[in-house]
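Okay, so here's the structure we're looking at.
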Amino acid sequence: MWQEMIESFSIRWKVYVNVYIRNERVFKVCFSNGPVNEFIQSKVSKILKKDMEKYFEGKKVDFVRYDVILNKSNFVKSVLNYVRKIPYGNVVTYGFIAKILNTSPRAVGRALSLNPVPIVIPCHRVVSSNGLGGFSQGVWIKRELLKLELNLN
DNA sequence: GACGACTTGTTAT
DNA sequence: ATAACAAGTCGTC
């Protein structure tokens, strides 16, 4: 009973945004931010849309201010929360994160593949030591995102 | 350097 | 229980 109340409260509300690359719908981003309130909701989705547009124009956008609810295991949460802090334009390896969190690179990749909100949690900034690594929506998207952030053609 | 086998922590079934 | 992975390391050639 108590647990049920906590859960229904923590679901709050969600904002969905479709992300397009080359006129192709690539994935859906889901956000949440604060308690149920339609006024705030519409306002936040507008801000989010603006942020996304800015991001795809190649401008630096800080998504840390969005509060993402993660319905995941503690391990996945800790990986995702670490990845959130990687600044725009920076790149780290799976092994690097594994060392910090005292786990294995493979486990890090596994956790990253469960990322519900690409871009907002910038999992594309995590690469393998010898190459790009993977990306659940396709590695070419990861390449595009990094090109965008690193200002390569 | 390129390739392969072995290690690895976590999730999914 | 065990298979499946968005990886890394060390060995051989």
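Take the first sequence: its position 9, counted from the start at 1, is 278 in my numbering, and no numbers get skipped. All residues carry an ideal CB built from backbone N, CA and C; glycine is no exception. Here the structure is a predicted model, which is why all the values come from computation and not from measurement.
With 16 other Cβ atoms within 10 Å as the buried cut-off, status of residue i
i, result
"GLY327", "exposed"
"LEU414", "buried"
"GLY402", "buried"
"LEU419", "exposed"
"ASN411", "It should be noted that the sequence gives Lys, not Asn, for residue 411. That one is buried."
"VAL305", "Model confidence at VAL305 stands at a pLDDT of 45, short of 50, so the residue's coordinates are unreliable; what they give is reported in the following sentence. The residue in question, VAL305, is exposed, as its Cβ has fewer than 16 Cβ neighbours within 10 Å."
"GLN406", "exposed"
"MET270", "With a pLDDT of only 30 at MET270, under 50, the local geometry of the prediction cannot be trusted, and the value read off the model is given with reservation. Label assigned to MET270: exposed."
Distance between beta carbons of residue j and residue i, contact taken as under 8 angstroms
i, j, result
"TYR363", "SER397", "6 angstroms"
"VAL333", "TYR324", "Not confirmed; about 13 angstroms, so no contact."
"LYS341", "LEU381", "Incorrect: roughly 11 angstroms between the Cβ atoms, too far for contact."
"VAL288", "MET321", "7 angstroms"
Unbroken alpha helix (DSSP H) run spanning residue i, endpoints
i, result
"SER347", "343-353"
"ARG375", "374-381"
"PHE365", "363-369"
"LEU414", "408-419"
Whole-angstrom distance between residue j and residue i, CA atom to CA atom
i, j, result
"LEU339", "VAL361", "22 angstroms"
"ALA367", "LYS315", "36 angstroms"
"PRO374", "CYS392", "14 angstroms"
"ILE355", "ILE369", "13 angstroms"
"TYR335", "VAL348", "17 angstroms"
"ARG353", "PRO385", "12 angstroms"
"TYR357", "ILE390", "11 angstroms"
"ALA376", "GLY400", "18 angstroms"
"ARG379", "LYS319", "31 angstroms"
"LYS416", "PRO387", "16 angstroms"
"ARG294", "VAL408", "15 angstroms"
"VAL395", "PHE365", "9 angstroms"
"PHE296", "LEU317", "15 angstroms"
For residue i: DSSP bridge partner residues
i, result
"TYR324", "Beta-bridge pairing links TYR324 to no other residue."
"PRO391", "DSSP output for PRO391 lists no bridge partner at all."
"TYR289", "ARG294"
"VAL396", "THR362"
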